[in-house]
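The block underneath contains the structure these notes are about, expressed in structure tokens.
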Amino acid sequence: MKLFKNILLLLAPAFITINTGAAPMSYNSQEVRFGRFSVDIPKLSSVAIDAKYLGVSVVFHHEKPTPAQFKAEQDAQAHKYENSQMQVSASSLKLWKAAGLNPDEDFGSKQLIRYQYDQANNEAFIAYRKTPDSSDAIARLTKLGPAGVASFEINNRSAAGVTGSYNDIRHAASVFKFAENGGPLPTHAFCIKEGCFDDNAHSTTNEHAGLSATLAGHKDAELSVETTTRTSDSQAFNDLEKNAEGEIQLLKDAGGHVTVLKQGKRTLVGQSGYEIAVKVEATEHQPIYIFTWVGPGKTGDPLKPVIQFDLRIDPNLHQGVSTISSTDDALQLWETLAASFQVR
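Under mature numbering (1 follows the signal peptide of the UniProt record, and there is no 0), residues -22 to -1, 1 to 322 are what the sequence shown spells out, in order.
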């Protein structure tokens, strides 16, 4: 993720606006959990969460089929892929062989790779190639429970890696707890929309959590947070301290007058990271404010992933109308959000 997104918006046509009055900085907040973190945002904000644990995503369906209906649905899906023959081009097969890979293992003769049904536990595991000419596979464990049907899925690995996908899905499903309205959430668990993976903060690989929100009362303000497990000391990340000056220059080159409001080291959620805040002004446009903090993470520590915490206040997102009346208001909104960012 770059520090400054869509910087050329400064040069795009936009409404010439007059600030009609900013909403109060104080607001009724709600705590939103994602990954191993939480942030307080205004109630009624538009929020999207994208989080995967060991690469596994979870979908819950409230439909409650009978065990017989559930099995019939799973069997029918397996039958569909069992009878779908692979159609791989000769050039793809040649390319695989030239790379020293086994095309039979990656492509096979049919889309279905593996299917098993556990009648005692009302659950099915299926793995199949995405298309009749693809070596990419979808692996999914589907479980029938008292409240509905839950699916645990990995959809970005090769057909040759199905055994690893199965093991990761099994582990993820074994530590997953569905969220209960008003119920407490486990400490340091990895949370997604549907619930939490309660692993006592032991997982250190293949975790990613992202949150994006358009803030209620500030429709020109977008908060985005990305966390990614740091698995090695050499892992690349957005080195804000190193890259900031170059990206500020890009803003200037795009035609804006840039004022640096804050820049330097700052500690959030137990990490020493780097923060920068800028105000960008262009003729006949309301100011754009960009706030970013980046934490480099700590290898092997699931509570210290690589983090990028961004707030962008851009009237172009709200028909050219700014909800922020002053630079102080923009800074106050940033500080309120940053102070609420917590390890959970």
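C-beta atoms are modelled at their ideal positions from N, C-alpha and C, and glycine is treated no differently.
Just how far apart, CA to CA, sit residue i and residue j?
i: Q227; j: I291; result: 19 Å
i: F319; j: V17; result: 4 Å
i: H196; j: A26; result: 16 Å
i: F215; j: A308; result: 27 Å
i: V34; j: Y267; result: 35 Å
i: A54; j: S70; result: 30 Å
i: A222; j: V272; result: 11 Å
i: V247; j: G161; result: 24 Å
i: N99; j: K21; result: 40 Å
i: L32; j: G242; result: 33 Å
i: K72; j: D114; result: 17 Å
i: L79; j: T141; result: 17 Å
i: K58; j: I104; result: 12 Å
i: S212; j: G278; result: 12 Å
i: P293; j: Q264; result: 6 Å
i: V153; j: D28; result: 19 Å
i: A77; j: S67; result: 16 Å
i: H149; j: E83; result: 25 Å
i: S210; j: D217; result: 15 Å
i: Q8; j: A317; result: 14 Å
i: G123; j: D176; result: 19 Å
i: S143; j: R244; result: 38 Å
i: residue 324; j: W74; result: Summary: the structure shown does not reach residue 324, with the chain confined to residues -22 through 322, and so no result is reported for it.
i: S303; j: N145; result: 53 Å
Check this for me: beta carbons of residue i and residue j, under 8 Å apart or not?
i: L201; j: A194; result: no
i: F156; j: E172; result: yes
i: L289; j: L315; result: yes
i: H166; j: A179; result: yes
i: Q97; j: K30; result: no
i: I91; j: A137; result: yes
i: Q286; j: E204; result: yes
i: A56; j: Y93; result: yes
Roughly how far, in whole angstroms, is the beta-carbon of residue i from the beta-carbon of residue j, given that I think they are within contact range, below 8 Å?
i: V284; j: V258; result: V284 to V258, Cβ: 26 Å. No contact.
i: I147; j: A117; result: 6 Å
i: F15; j: G126; result: Not quite, the Cβ-Cβ distance comes to about 27 Å (not below 8 Å), so this is no contact.
i: L239; j: T305; result: 7 Å
i: P280; j: S181; result: 6 Å
Pull the bridge partners of residue i from the DSSP assignment, please.
i: N82; result: The sequence given here has Asp at residue 82, not Asn. Looking at the DSSP assignment, D82 forms no beta bridge with any residue, so it has no partner.
i: A68; result: None, per the DSSP bridge assignment.
i: S7; result: P20
i: I268; result: V256, R290
i: T120; result: A102, S129
i: H39; result: V127
i: H186; result: K30, T206
i: A191; result: V25, L201
i: I285; result: T205, G273
i: Q249; result: L246
i: S304; result: Answer is none; S304 lacks a bridge partner.
i: S136; result: D114
Ignore the nearest five residues each way along the sequence and tell me which others in residue i's own chain have a CB closer than 7 Å to its CB.
i: E219; result: Y252
i: K276; result: R208, K282
i: G234; result: L(-13), V258, E259, A260
i: K42; result: G126
i: S62; result: K88, Q89, P110
i: K230; result: V236
i: S250; result: K243
Return the chain-ordered list of same chain residues with a C-beta closer than 6 Å to the C-beta of residue i, the five sequence neighbours on each side being excluded.
i: A102; result: Q52, Y95, T120
i: F269; result: A255, L289, W312
i: T206; result: H186, P283, V284
i: S24; result: T192
i: H40; result: G126
Starting from the C-beta of residue i, find all residues in its chain whose C-beta is less than 8 Å away, skip the five residues before and the five after it, and write them out in chain order.
i: L163; result: R11, A157, C169, C174, R322
i: M64; result: F85, G86, S87, K88, Q89, R107, P110, D111
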